[in-house]
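**Q**
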Amino acid sequence: DSLGPQDLDPRPLELKEVFKLFQVQFNRSYSNPAGSEHSRRLDIFAHNLAKAQQLQEEDLGTAEFGMTSLSDLTEEEFGKIFGHQKAVGEVPRMGRKVGSEQQGET
Amino acid sequence: LPRTCDWRNKAGIISRIKNQENCKCCWAMAAADNIEALWGIRGRIRACSPTLSPFASELLDCNRCGDGCQGGFVWDAFITVLNNSGLASEKDYPFKASVKTHRCLANKYRKVAWIQDFIMLEDNEHKIAQYLATHGPITVTINMKLLQHYKKGVIKAKPTTCDPQLVNHSVLLVGFGAETVSSQSHLRPHRSTPYWILKNSWGAHWGEEGYFRLHRGSNSCGITKYPFTARVDQPVRKLPVSCPP
């Protein structure tokens, strides 16, 4: 039978299997497997596994890094969902917004 | 300083792991858990009782800086508690991971917990450990960057991989210890890795059943930048409490 777009996908089969496992384990569903969202999340997932591998090598302690419930988020998405927009110590929240010459920039 | 300290090992001090879901209320959860633990240590409430678990919702609704789900700071939470003369029970103020700013109902309900003050500790890990062991859990704010891929073990990061100046996530410091790690060098076959035990608010399926550990002694991810804790009870000289090993 005809090859679907996902079968032409150059990414290794085992990555797709691991991604399927991730989706089951953390109850994730995206648009249909051939959809762009699924493909994009698979890319992000692959990037994050590589990042986790790099952290594992760099860590000086006993930490283990790898697939977590957050492995389908980009670093920006992760920061937006869980972190302060302005890291504390940069712009204290109590400060007043100060207008500036350029329109729209505060 | 005791070799180990883990407030989870004493009943009624550390409540269950919560999940902040899509609301950036780590700051309110850390402050609420801090107050709850201090009340639990003084035997004033049982932290795990269903009526008291997360005070966070009231802190969100009454947050002095507007929508608490957009982020905030633990010191704002403590000021909110002082302004409202305490916190209502979970029964009266059910937790929702959403905020109705200006819907602050604090004045409607009887208070079940309050604080006298809140303090910032010195940026010194030995003194933070001493205070933790003799007074109780402390809120800290760290750079959360490595937590996205964290599964277990002790994170010991270099400033280049986890900038200690860019702290953006508040959690509760509940203990410390040291784990012995065998190493290749025949000179020192075993080395000990001192660590902090921290309570996160991303659900119990994340990390070590909702907790994680950071190396102790290297200001890992900026842990010493904002150590804040409430003070419960008058500052009379009292025998300090002792943390279970």
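Chains as they are written, first to last, in the numbering used here: chain D, 32 to 137; chain W, 29 to 273.
Ideal Cβ positions, reconstructed from N, Cα and C, are used throughout, including at glycine.
On a predicted model such as this, the values are computed, not experimentally measured, just so you know.
Name the residue from W:S270, W:Q193, W:S246, W:N228 whose alpha carbon lies nearest to the alpha carbon of Q48 of chain W.
**A** Closest by alpha carbon: W:N228.
**Q** Can you tell me the Cβ-Cβ gap for G231 of chain W and I45 of chain W, rounded? I've got them flagged as a contact below 8 Å.
**A** Sure, about 7 Å apart at Cβ, within 8 Å.
**Q** Should K52 of chain W be flagged as near chain D, meaning a C-beta pair shorter than 8 Å?
**A** Output row for K52 of chain W: interface = yes.
**Q** Return the Cβ separation of A105 of chain W and A116 of chain W in integer angstroms, given the expectation that the two are a contact with Cβ distance under 8 Å.
**A** With a Cβ gap of about 14 Å, A105 of chain W and A116 of chain W do not count as contacting.
**Q** Residues of chain A with a CB under 9 Å from the CB of M172 of chain W: which are they?
**A** Note that chain A does not occur in the displayed structure, where the protein chains are D and W.
**Q** Does the CB of Y159 of chain W have a neighbour CB from chain D at under 8 Å?
**A** No, because no Cβ of chain D sits closer than 8 Å to the Cβ of Y159 of chain W.
**Q** Do you know offhand how far T79 of chain W's Cα is from S43 of chain W's?
**A** For T79 of chain W, the pLDDT reaches just 45, beneath the cut-off of 50, and the residue's location in the model is therefore unreliable, leaving the point undetermined.
**Q** Does T189 of chain W come within less than 8 Å of chain D when only Cβ atoms are used?
**A** Yes, its Cβ sits closer than 8 Å to a Cβ of chain D.
**Q** Assign M98 of chain D to one of three DSSP states: helix, strand, or coil.
**A** In the structure shown, M98 of chain D sits in coil (DSSP, three-state: anything other than H, G, I, E or B).
**Q** Helix, strand or coil for C33 of chain W? Go by DSSP, reduced to three states.
**A** Strand, per DSSP.
**Q** Counting Cβ pairs closer than 8 Å, one from the stretch 137–155 of chain W and one from the stretch 172–188 of chain W, do we hit at least three?
**A** Short answer: they don't touch.
**Q** From W:G250, W:H197, W:V269, W:W55, pick the residue whose C-alpha is nearest to that of H163 of chain W; which is it?
**A** Checked all of W:G250, W:H197, W:V269, W:W55; the closest Cα to H163 of chain W is W:V269.
**Q** State yes or no: is the C-beta of A65 of chain W within less than 8 Å of the C-beta of L87 of chain W?
**A** The answer is no: Cβ separation not under 8 Å.
**Q** Going by Cα to Cα distance, which pick from D:E106, D:T105, D:A83 is closest to K179 of chain W?
**A** Nearest C-alpha to K179 of chain W: D:A83.
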